[in-house]
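Below is one structure; the comments refer to it alone.
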Amino acid sequence: MALAGSRVGRSLALMWRGMRSHPGIYALAVGASAIFGALTVGVSRAVGWATDSVVVPAIAGDEVARDRVWLGGLVLAAVALTLALSVAGRRIWAGFGVVRIQADHRTALTRQYLRLPASWHRAHPAGQLLNHTTSDTEAATGVFNPLPFALGVVVMIGVSVVMLFMIDPWLAIAALAIIPVTVAVNAIYQRHMSPAVTRAQRLRGDVADAAHESFEAALLVKSLGTEDREESRFDDRTQELRAANVRVGIVRSLFDPVIQTLPAVGTLLVLGIGTWRISTGDVDAGDIVTAAYLLTMMTVPVQAFGWVLGELPRALVGYERIAQVVDSTGALAYGDARLSRTPGQPGLAVRLEGVGVDVPALSGAQQRSITLLDGVDVGVEPGTTVAVVGTTGSGKTTLVSLLARLSDPTRGHVLLDGVDARTLVDGEIPDQVAFVTQTTFVFEDTVRGNVTLADEGAPGAPSDAEVWDALRLARLEDTVRAMAGGLDAPLGERGANLSGGQRQRLAIARALVRGPRLLVLDDATSAVDPRVEQEILRGLADRADERAAGAAEPGSAAGAGDHSPGTTVIMVAYRMSSVTLADRVVHVDGGRVVDTGTHDELMARDPGYRELATAYEVETERREQERADAAAAGALDDELEEVAR
Amino acid sequence: MTTVTDEPDVTDVPEDLLDADGARIESTSKLGVFATLRRGIQISPEITRGIWLTLGLASLAAAGRVVVPLAVQQTIDVGILADAGPDAGRVALLAVLAAGALVLAGLCAALVNVRLFRAAEAGLATLRVKAFRHVHDLSTLTQNTERRGALVSRVTSDVDTVSLFVQWGGIMLLVSALQIVVATGLMLVYSPILTAVVWVSFIPMFLVIRYGQKYVNRAYTLVRERVGAMLGAVSESVVGAETVRAYGVSERTGRRIGGAVEATRSAQARSQVLVAATFSSGVLIANLVLAVVVVVGTLLGVGGGLTAGQLVAFLFLVQLFTGPVQMATEILNELQNAVAGWRRVIAIIDTPVQVAEKPDAVTQERGPAHVTLRDVRFSYPNGPEVLHGVTLDLPPRTKVAVVGQTGSGKTTIAKLVTRLMDPTAGAVELDGVDLRDLAFASLRKRVVLVPQEGFLFDGTVLDNAAYGLRVPAGSTAEPEAEPAETSPETRAAVERAFVELGLSDWVADLPDGLDTEVGQRGESLSAGERQLVAIARAYLAQPDLLVLDEATSAVDPATEVRIARALDSLTAGRSTITIAHRLSTAEASDLVVVVDQGHVAEVGPHDDLAVAGGIYARMHASWVAQTR
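Here's what the structure looks like:
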């Protein structure tokens, strides 16, 4: 989408692309504008005609002329009506064009936001992304407001110039002298305006970003009482934007009067030259009057071009900021492989082979990369449950997010049923793998919409019975039944009216309703009561058993036929009760797999794992010991006291 | 009011705290056009600063624009078409005079523009900052009634909507009015009857404008609302990008945003049609007036009341009159656009602050915090009561653990103790002072909450932890000043905090240590790591009472135990209230509070409750079973 070439080339390309994308509307807008241009001439001609052939003779006593007064009025009225209609047409179609191009930009931007990977989003502030859809989009399209007007009336300039040349070349040259001046003035304007506008648009993004981040942090700001600091931070950016806008304003303030004055200067020049040409006898006084009239006719289109030129720097900057996003690469590529999905099939087989993940460092001048995972080899049998255990920051989240292909490994392969995840067709992984993140994102939607993530009644959307089923398994059924509206109850933005535990259970229901063949839980029950967590995890196991039994007897699996029995579960967990539910445990530390085995095996041979697994136990013992010591010391003190007495 | 009138002791609670309906951020204020203008100028007085001088200069510029065509006309009439042939000297003189007028008018115009830009931008900056600040002053509950993305639009694009009118429209409206008066005066000199005809002819136009403005206003208001909704949808897709990806719902999310984009476009298109309709009806009437004047003027002339020359001159004046009238229609449309945006910003600023500081709020000394809850009741606006008369006495220097099932009211207690919300009845006291009588500056210094999902700003670990420092370490600067986050003292203080919390190994393992960038919303770190930074940040704030709401829920057990022990030894002399599912916290506490369905069910030391055979004993037994 990016524009290439000189500034003039880019400007022309920008305008051409916009108009080409909606040719019908622009044809109408430019057409209406051309009619307007013709009628502007028409009005003064009509007034002139009425004055000369009706008004003056009638007042002078001409009876015929007096009878024609009404005709004159009608002609003027007809011209007025057509003129007004052409104005309405031009404005409406020009407006339609602008809002359509804006909608195009917004659609292109937001599609790209959805396509680009999480790593890109981490580096691009949300406020900036919002600002692209408002301020930058408006900047990029501002030039399309005066453009049809300028193009429509360009004929007026042409006609005027030709007629001037027919009268006298010297007069024409005098009139055209303003053109190189306009070009020069515009060049100076663009040179000052471009950097000023670039800065202003960037600062607009910064202000939006400061606001967005600060509002997202509202709870933190309140709990630390840092409102004043946030205000001063926002004020700094706002004042910078103010200064930048004033700078833009000053450049524009000087440019606009110059451009508006130039046609009048041209007129004066023509009068001066004209007087000289009369004195040499090359033209007569009538020619000068006509020339002066032609020049006033040129004023309107010249000013329209002035507006276009005035808007161009901002348009280029806005467009280029949008193009940067639209041209960003990094979206995942997909293959065309598919996974089989037949009823009664067990969970997915998962294999990680020599997996390593490097990410570019966000800080630091030189290009460095940080290794998050290295040499990870893990195999998970279909239908088994595997717990991933490790200290905070050891790479567990990075590891499990590869399974849902939220990103691709730098080295090695992620194999699902033996197929490299990178070769799978788009949509295949979300269809078979459900990933529940640590922090739940709740959409501003109903409970149903948040569980199904599909439009109601859309093909393939889960039925209400299935939603209730998932809510029951996630132990959220009672909460939803208690809500006014049940499944139709609206959840506020980010789920503000749910507790942390409720949000997590909602996310689990969201995963379960899809009947995934692989369920990935990334510490997805941290805010849930241990008892409820146990219920959920046991419920999963029970359901798998039921389904397995159901699948064994053909016919009884009806209704749940597209759910797979024996879902493979991979979960990041801290609670030992949860870990011990798993068939196998993978212990991760420092981005590497330290050991794999059953809980008992790891307890026996992996000291790091033992430390994690028994942390609470050891701590409790330590406290009890401390208390005992304190009690003993107290008792000793008492004894000593007694002895002292 | 309806939700609380059945409460027994509401009499001593300020009225505005009870008005659950007033807690919403309205999508737009209900002020009329002039009231909006007045309120807007009251909020941003800079807008009208120096307005009289600007108006004077603008009038000169406008006069210049009229003088030049007149001068051209004169040059032609008396210079070129002079009876004795073209008079070069006179032409030169007139041309120079006209050029002088032109330059003067241009200079005035430029000066006016610069002055307006300065005044307008200063006013808009003030508007932005005031609205921004007010969002933070609103209670948490009120903040949650509007989408974050839409709140951003209120301090960005809604403000931008006002700018065109403030920069250009306001002054041009005044100048146009002035021009209309002057033109009317001149017309009266030539022909009072025709002047009356012109004014009467414009009556339909005034009616059309009056009528049309209402619709234009509605259309623009709709545009602003839809832009806000669109930003809400975009913000959701950006912040929730990972969820969208994980569930493969890009297409549906794209459709939802597409719907919002299309809704914005259709609202914009509608407003364009209305604006075009009112403006072109202005054009129509202005030109029809010419026709009327020609007809009536001719008839008058035939009757001997007017000469042809007078009529021609009058026609010229009519155009001086219709020009500003048409300009005014344009500006009035722009005014409606500005008012639509202005109202949305004013709606923020005029949203009542429910959890407000009293004018005579007291400031407390720092020291051990003694928290008392007296028969505290709480219900969310239009919701059922969630706390049913909680009375608690939490002595100073106590480590309190609050336990209970999800939804039992634990978090509500945390929010009331930190005054993120006020109780619907009863009182929360800090050292015997009702929190509602305490200055926020004092309260926030003494009491700090660490929520479960600690928000991190885009920046380094160091920046984020240092955010907790009220006064930059080693400096005596005033507390509200921006802390010098990179100063060596600050770095040392942050380093020390991580060491004291037993997290130095974790910091050492980070790619760039304290200088590691955390990414947008801290998303380059895991949820557990974000919690570690949030704890360090709160720890650096050194409150007298630290309230931890599931603040270590995503941290591994070994690290959690390490932090808990560090906090134990370091918060000696301070109080902590910890809400946790992991009962290791309760085991280590001085006092356990068991909350059950909005009531305090049990209070006592762990050792007593664990063997008391109640709710806590059952919870603890199950916890022990899970961890071993």
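From first to last, the protein sequence lines are chains D and E.
The UniProt record's numbering puts the first residue of the first sequence at 1, with every later residue one more than the last.
The UniProt record's numbering puts the first residue of the second sequence at 1, with every later residue one more than the last.
Note that the Cβ used here is the ideal one computed from N, Cα and C, for glycine as well.
message: Tell me the DSSP secondary structure of residue 22 of chain D in three-state form.
response: coil
message: residue 125 of chain D and residue 463 of chain E - do their beta-carbons sit closer together than 9 Å?
response: no
- prompt: So residue 215 of chain E packs on residue 306 of chain E, CB below 8 Å; how close in whole Å?
  reply: So it is not a contact: roughly 40 Å between Cβ atoms.
query: From which residue to which residue does the alpha helix (DSSP H) around residue 571 of chain D run?
result: Premise fails: residue 571 of chain D lies in the beta strand (DSSP E), 568-572, not in any alpha helix (DSSP H).
message: So, under 8 Å CB-CB, residue 318 of chain E and residue 180 of chain E are touching, yes? Tell me the CB distance rounded to an integer number of Å.
response: 12 Å between Cβ atoms; not a contact.
query: Where are the alpha helix (DSSP H) runs, 4 residues long or more, that stay fully inside the stretch 491-535 of chain E, in chain order?
result: 504-509
query: Along the chain, where does the beta strand (DSSP E) that runs through residue 513 of chain D open and close?
result: It is not in any beta strand (DSSP E) - residue 513 of chain D carries neither H nor E in the DSSP assignment.
message: Between the alpha carbons of residue 595 of chain E and residue 405 of chain E, how many angstroms are there, rounded?
response: 8 Å
task: Given a cut-off of 9 Å, decide if residue 379 of chain D and residue 355 of chain D are closer than it, judged by their beta-carbon atoms.
output: no
- request: Check the Cβ of residue 310 of chain D against every Cβ in chain E and list those closer than 9 Å, keeping chain order.
  value: Simply none; closest approach about 12 Å.
task: For residue 578 of chain D, collect the residues of the same chain with a Cβ closer than 8 Å to its Cβ; drop the 5 residues on either side in sequence, then sort them by chain order.
output: 387, 525, 533, 534, 537 and 571
Chain E within 9 Å of residue 603 of chain D, Cβ atoms only: no
task: Give the residues of chain E in contact with residue 216 of chain D, contact being defined as C-beta atoms less than 8 Å apart.
output: 148, 239, 455 and 521
query: How do the stretch 130-140 of chain D and the stretch 410-424 of chain D stand: do at least 3 beta-carbon pairs fall below 8 Å, yes or no?
result: no
message: I need the DSSP call for residue 120 of chain E, collapsed to helix, strand or coil.
response: helix
message: Measuring only the C-alpha atoms, how far is residue 164 of chain E from residue 542 of chain E?
response: 47 Å
query: What whole-angstrom Cβ distance do residue 594 of chain D and residue 588 of chain D have, given they're in contact under 8 Å?
result: 7 Å
message: Please report whether the beta-carbon of residue 27 of chain E lies at a distance below 9 Å from any beta-carbon of chain D.
response: no
query: For residue 250 of chain D and chain E, any beta-carbon pair shorter than 9 Å?
result: yes
- request: Sort D:44, D:108, D:32 and D:429 by Cα distance to residue 94 of chain D and report the nearest one.
  value: D:32
- prompt: Around the Cβ of residue 544 of chain E, are there at least 16 other Cβ atoms within 10 angstroms (buried) or fewer (exposed)?
  reply: buried
query: Who pairs with residue 425 of chain E in a beta bridge, going by DSSP?
result: E:377
query: Tell me which same chain residues have a C-beta within less than 8 Å of the C-beta of residue 377 of chain E, skipping the five on either side of it?
result: 7, 385, 387, 388, 389, 390, 423, 424, 425 and 426
Sufficient close CB pairs (3 or more, under 8 Å) joining the stretch 225-245 of chain E to the stretch 102-120 of chain D: yes
- request: Determine the DSSP secondary structure at residue 396 of chain D, reduced to helix, strand or coil.
  value: helix
- request: Please indicate yes or no: does the CB of residue 575 of chain D lie closer than 8 Å to some heavy atom of the ligand NAD?
  value: With respect to the ligand NAD, the structure offers nothing, as it holds no ligand at all.
query: Which class does residue 415 of chain E belong to by DSSP, given the choice of helix, strand or coil?
result: helix
- request: Confirm, please, whether the CB-CB distance from residue 512 of chain D to residue 518 of chain D is below 9 Å.
  value: no
query: Taking residue 40 of chain D as the reference, which of D:21, D:428, D:157 and D:310 has the closest Cα?
result: D:157
field: Contact list for the stretch 219-232 of chain D against chain E, Cβ threshold 8 Å
entry: 219, 220, 221, 222, 223, 224, 225, 226, 227, 228, 229, 230, 231 and 232
- prompt: When the Cα of residue 312 of chain D is compared with those of D:582, D:130 and D:138, which residue comes out closest?
  reply: D:138
query: Nearest chain D C-beta to residue 365 of chain E closer than 9 Å, yes or no?
result: no
- prompt: How about residue 498 of chain E: is its C-beta nearer than 9 Å to some C-beta of chain D?
  reply: no
field: chain D contacts made by the stretch 111-137 of chain E, where a contact means CB separation under 7 Å
entry: 113, 114, 117, 118, 121, 122, 125, 128, 129, 132, 133, 135, 136 and 137
- request: For residue 8 of chain E, name the three-state secondary structure that DSSP assigns.
  value: No answer about residue 8 of chain E holds up, because its pLDDT of 33 lies below 50 and its placement is not dependable.
- request: Use the C-beta contact count for residue 16 of chain D: other C-beta atoms within 10 angstroms, 16 or more gives buried, fewer gives exposed.
  value: exposed
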